[in-house]
Amino acid sequence: MSDLKRIMIAGEGGQGVQSVALILSEAAYANGKEVLYIPNFGVEQRGGVSVAFMQISDEEIGSPKFDSADIIIALSDRAVERVRMYVNEKTTYVYDDNLSEKAKAQLPEAADVTRLVSIPAHHIANHELHVRVFNVIIMGAVLGLTKIVDIEEAKKALDHKFKPKYEQDPSLKEMNDKALTKGVELVS
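Per the numbering used here, the very first residue in the sequence shown carries number 884; after that it's consecutive.
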């Protein structure tokens, strides 16, 4: 299964990790892909890390578990430690540059992964767009890295998910579309 993408997104509860994974999964499925999405979100309510395990492919996916990820996105200090065991030399590792220096020191070495990418998602959300679109920037980064789901399909999935909110405030759609595009650009 050469087109199979194993993706992990990890962060603190409330950062939208599970929302991103669910919307991406729905977009991929609507695009005719096979999708497995396993949320791990029970303990973040008690201070743990929220992790989304996703697999997307054109072919049937054999097992929900995987030993290493093709793409890891770490959004918080504790997420860096939580995803460590899923890194190998074929992993593209993306992290938000808002991590502490201590967490950055625990990142894999650039020589140990296919690609190590720092993105300013937190900064862009807070200073250029809106704090609420941080996770949509991350979603765009996943799209840009995988190219397994077209950005227009992702926008349709966002429209579906947020239709009631868009009806209340149409500016949210424009903001989400900008955030998605920005995320793709950050990893291109």
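The beta carbon of each residue, even a glycine, is placed where N, CA and C say it ideally should be.
Simplified DSSP state of residue i, which is helix, strand or coil
{"i": "G1023", "result": "helix"}
{"i": "I906", "result": "helix"}
{"i": "P1053", "result": "coil"}
{"i": "S952", "result": "This sequence places Ala at residue 952; Ser is not what is there. Looking at A952 - three-state DSSP - the assignment turns out to be coil, as it is neither helix nor strand."}
{"i": "I1007", "result": "helix"}
{"i": "T1064", "result": "helix"}
{"i": "N1059", "result": "helix"}
{"i": "D886", "result": "coil"}
{"i": "I1031", "result": "coil"}
Distance, residue j Cα to residue i Cα
{"i": "E895", "j": "A1037", "result": "23 Å"}
{"i": "L887", "j": "I1031", "result": "9 Å"}
{"i": "L905", "j": "R889", "result": "15 Å"}
{"i": "G1066", "j": "V903", "result": "12 Å"}
{"i": "P1047", "j": "L1041", "result": "11 Å"}
Heavy atom of the ligand NAD within 7 Å of residue i beta-carbon
{"i": "N914", "result": "By its list of ligands, the structure shown contains no ligand whatsoever, and the ligand NAD lies outside what it can speak to."}
Under 8 Å between C-beta atoms of residue i and residue j
{"i": "L1028", "j": "I954", "result": "yes"}
{"i": "K916", "j": "S946", "result": "no"}
Inter-residue CB distance, residue i and residue j (contact presumed, cutoff 8 Å)
{"i": "M1058", "j": "H1013", "result": "6 Å"}
(request) Would you check if there are 3 or more beta carbon pairs closer than 8 Å linking the region 990-1000 to the region 1014-1022? (result) Because the criterion of three Cβ pairs below 8 Å is not met, the region 990-1000 and the region 1014-1022 do not touch.
(request) Indicate whether the contact test is met: 3 or more Cβ pairs, each with one atom in the region 998-1014 and one in the region 973-988, closer than 8 Å. (result) Contact between the region 998-1014 and the region 973-988 is present: three or more C-beta pairs spanning the two stretches fall below 8 Å.
(message) Using 8 Å as the cut-off, can you tell me whether the region 961-968 makes contact with the region 1045-1063, which would need three or more C-beta pairs spanning the two stretches below that distance?
(response) Result no; under three Cβ-Cβ pairs closer than 8 Å.
(request) Flag this pair as touching only if the region 933-945 and the region 890-909 have three or more C-beta atom pairs under 8 Å; answer yes or no. (result) Result yes; three or more Cβ-Cβ pairs closer than 8 Å.
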